[in-house]
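*Asks:*
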Amino acid sequence: MTPFKRRFPWRLGATSCVLPADIMTNVRALAPLVDDVQLLFFESAAKSRLAQPFDVQVLREIAEAHGLSYTVHLPTDLALGASARVERQEGIAEILRLMAQLAPLGVLSFDLHLLREPDLPDAAWLENLAASLEELSGALGAEKRLVAVENIEYAFGLVAPLVEEYGFPVCLDFGHLVHYGHDLEEGLGVLPRVRHLHYHGVQDGRDHQALTDAEQAGMLGRRLTEVGYDGVVTLEMYNLEKLKGSLALLDTAWQSFGRR
């Protein structure tokens, strides 16, 4: 693969599971090729069925050797809007645990899903989320700038006021905007508050596919340039061939946005 390091005004990243191997193997393979690796933790430690072995010191050494940065996808099973306070506190504790464990890596963004609770009315769910975000904000202090709330299947406007009130940035998943049929202009309107951006294609009703829409890619590149975005754009796909195809498309679609 052709290296894509330091090609754009923003950092270009890939996920830690493009190869069918562990985190360390993926990071070693990607470090010479991209600016950032997103470390994926889909399940919290207490609920994980498969251990995810990784060595923080070695990850730090790899980063230093290759000018690499890290972003982190927090577990997607954290129930910060649950009706049971103990569940909410378990979620907060897991966020704090992972952030402390990975602190030596200087992680640029910890991406958080605020899961919807289907058995709760929206008002109760949002009240629970508010309590959790207030507690998390208090526990983190200034470090809350590292926890970016991601748009998922529901309209982000539902939680946006809480995210802003408690001082958290946004993780904009452009692929989710497309996949769930959300308004692209409204979604891109939060770019000034975005700490991390996820980008992936949508094909046959499935997201996290290879990028295929060069025109859309060009539009996104222009919007990032207009707001002076210099954070990480992660190509959020979980297969090496999909990553290669996406990089090939961006090689052309983003040619005019290269560093000067």
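Be aware that the sequence shown starts at -13, since it is given in my numbering, and climbs by one per residue. Backbone N, C-alpha and C fix where the C-beta goes; we use that ideal spot for every residue, glycine too.
1) Assuming Val180 contacts Val156 (C-beta within less than 8 Å), just tell me the rounded distance between them.
2) Taking only three categories from DSSP, how would you classify Phe28?
3) Looking only at C-alpha atoms, which of Gln43, Phe243 and Ala234 sits nearest to Met(-13)?
4) If you drop the 5 nearest sequence neighbours on each side, which residues of the same chain put their C-beta closer than 6 Å to that of Leu84?
5) How is Gly153 classed by DSSP in three states: helix, strand or coil?
6) Which parts of the stretch 160 to 227 are runs of the beta strand (DSSP E), unbroken and 3 residues or longer, counting only runs that do not cross its ends?
7) Suppose the cutoff is 6 Å on Cβ atoms and the five residues either side in sequence are ignored; what does the same chain contact list for Ala196 look like?
8) In three-state terms, what does DSSP make of Ala15?
9) How about Leu82 and Arg74: are their beta carbons less than 8 Å apart?
10) If we count Cβ pairs, one from each stretch, closer than 8 Å, do we get three or more for the stretch 205 to 216 versus the stretch 3 to 17?
11) What does Asp22 pair with, by DSSP beta-bridge criteria?
12) Residue range of the beta strand (DSSP E) that Leu115 falls in?
13) In terms of residue numbering, what span does the alpha helix (DSSP H) encompassing Leu98 cover?
14) Judging by CA-CA distance, which residue of Leu45, Tyr56, Tyr185 and Phe27 is the nearest neighbour of Leu221?
15) Looking only at C-alpha atoms, which of Asp190, Ala141, Val135 and Glu150 sits nearest to Pro61?
16) Is the beta carbon of Leu132 sitting closer than 8 Å to the one on Leu158?
17) Leaving out the 5 sequence neighbours to the left and right, which residues in its chain are closer than 8 Å to Asp21 when beta-carbon positions are compared?
18) Can you tell me where the alpha helix (DSSP H) holding Glu76 begins and where it ends?
19) Considering only the alpha carbon of each residue, which of Ala79, Gly77, Ile48 and Glu29 lies closest to Pro18?
20) Does Ala68 come out as helix, strand or coil in the three-state DSSP assignment?
21) Would the beta-carbon of Asp169 fall within 8 Å of that of Pro(-5)?
22) Within 10 angstroms of its Cβ, does Ala89 collect 16 or more other Cβ (buried), or is it exposed?
23) Helix, strand or coil for Ala134 per DSSP?
24) As a quick exercise: from Ala70, Leu236, Ser118 and Ala128, pick the residue whose alpha carbon is nearest that of Asp105.
25) For Gly244, which residues of its own chain have a beta-carbon under 7 Å away from its beta-carbon, when the five flanking residues on both sides are left out?
26) Rounding to the nearest angstrom, what Cα-Cα distance links Ala125 and Pro39 in this structure?
*Replies:* Short version:
1) Within the sequence shown, numbered from 1, the residue matching residue 180 stands at position 194. Within the sequence shown, numbered from 1, the residue matching residue 156 stands at position 170. Contact flag correct, Cβ pair sits at about 5 Å.
2) Residue 28 sits at position 42 when you count from the first residue of the sequence shown. Coil at Phe28, not helix or strand.
3) As a first step, residue -13 must be located in the sequence shown, where it is residue number 1. It is Ala234.
4) For the purposes of this step, residue 84 is identified with residue 98 of the sequence shown, where counting begins at 1. Its chain contains no residue whose beta carbon lies nearer than 6 Å to that of Leu84 once the 5 sequence neighbours on both sides are disregarded.
5) Along the sequence shown, read from residue 1 onward, the residue named residue 153 stands at position 167. Coil at Gly153, not helix or strand.
6) 180 to 185, 187 to 189, 192 to 195 and 218 to 221
7) Against the sequence shown, residue 196 aligns to sequence position 210. Excluding residues within five positions, the ones whose Cβ falls inside 6 Å are Gly187, Lys228, Gly231 and Ser232.
8) Along the sequence shown, one-based indexing puts residue 15 at 29. Ala15: helix per DSSP, three-state reduction.
9) Translated into the one-based positions of the sequence shown, residue 82 becomes position 96. Translated into the one-based positions of the sequence shown, residue 74 becomes position 88. Not in contact: Leu82 and Arg74 (Cβ atoms no closer than 8 Å).
10) no
11) Working through the sequence shown from its first residue, we reach residue 22 at position 36. Answer is Gly(-1) and Ser55, bridged to Asp22.
12) One-based indexing of the sequence shown puts residue 115 at position 129. Premise fails: Leu115 lies in the alpha helix (DSSP H), Asp108 to Leu126, not in any beta strand (DSSP E).
13) What you label residue 98 is simply residue 112 of the sequence shown in a count that begins at 1. First-last for Leu98: Phe96 to Leu98, but that is the beta strand (DSSP E), not the alpha helix (DSSP H).
14) The residue given as residue 221 occupies position 235 in the sequence shown. The shortest C-alpha separation from Leu221 is found at Tyr185.
15) By 1-based counting over the sequence shown, the position of residue 61 is 75. The residue among Asp190, Ala141, Val135 and Glu150 with its C-alpha nearest the C-alpha of Pro61 is Val135.
16) Taking the sequence shown and counting its residues from 1, one reaches residue 132 at position 146. Taking the sequence shown and counting its residues from 1, one reaches residue 158 at position 172. Taking 8 Å as the Cβ cut-off, Leu132 and Leu158 do not qualify as a contacting pair.
17) Translated into the one-based positions of the sequence shown, residue 21 becomes position 35. The answer, listed in chain order, is Phe(-10), Lys(-9), Arg(-8), Arg(-3), Leu(-2), Gly(-1), Gly53, Leu54, Ser55 and Val218.
18) Numbered from 1 along the sequence shown, position 90 holds the residue referred to as residue 76. Its alpha helix (DSSP H) spans residues Arg71 to Gln87.
19) Reading the sequence shown from its first residue, position 32 is the one you call residue 18. The shortest C-alpha separation from Pro18 is found at Ile48.
20) Position 82 of the sequence shown, counted from the first residue, corresponds to residue 68. Three-state DSSP puts Ala68 in coil, outside helix and strand.
21) Counted from its first residue, the sequence shown places residue 169 at position 183. Counted from its first residue, the sequence shown places residue -5 at position 9. No, these two residues do not count as a Cβ contact at 8 Å.
22) Taking the sequence shown and counting its residues from 1, one reaches residue 89 at position 103. So Ala89 ends up on the exposed side.
23) For the purposes of this step, residue 134 is taken as residue 148 along the sequence shown, with counting starting at 1. Looking at Ala134 - three-state DSSP - the assignment turns out to be strand.
24) Locating residue 105 in the sequence shown gives position 119, where the first residue counts as 1. Of the listed residues, the one whose Cα sits closest to Asp105 is Ala70.
25) As a first step, residue 244 is located in the sequence shown; it is residue number 258 there, counting from the start. If we look at Gly244 and ignore the five residues flanking it on each side, its Cβ neighbours are Arg(-7) and Phe(-6).
26) For this step, residue 125 is matched to residue 139 along the sequence shown. For this step, residue 39 is matched to residue 53 along the sequence shown. Between Ala125 and Pro39, the C-alpha separation is close to 27 Å.
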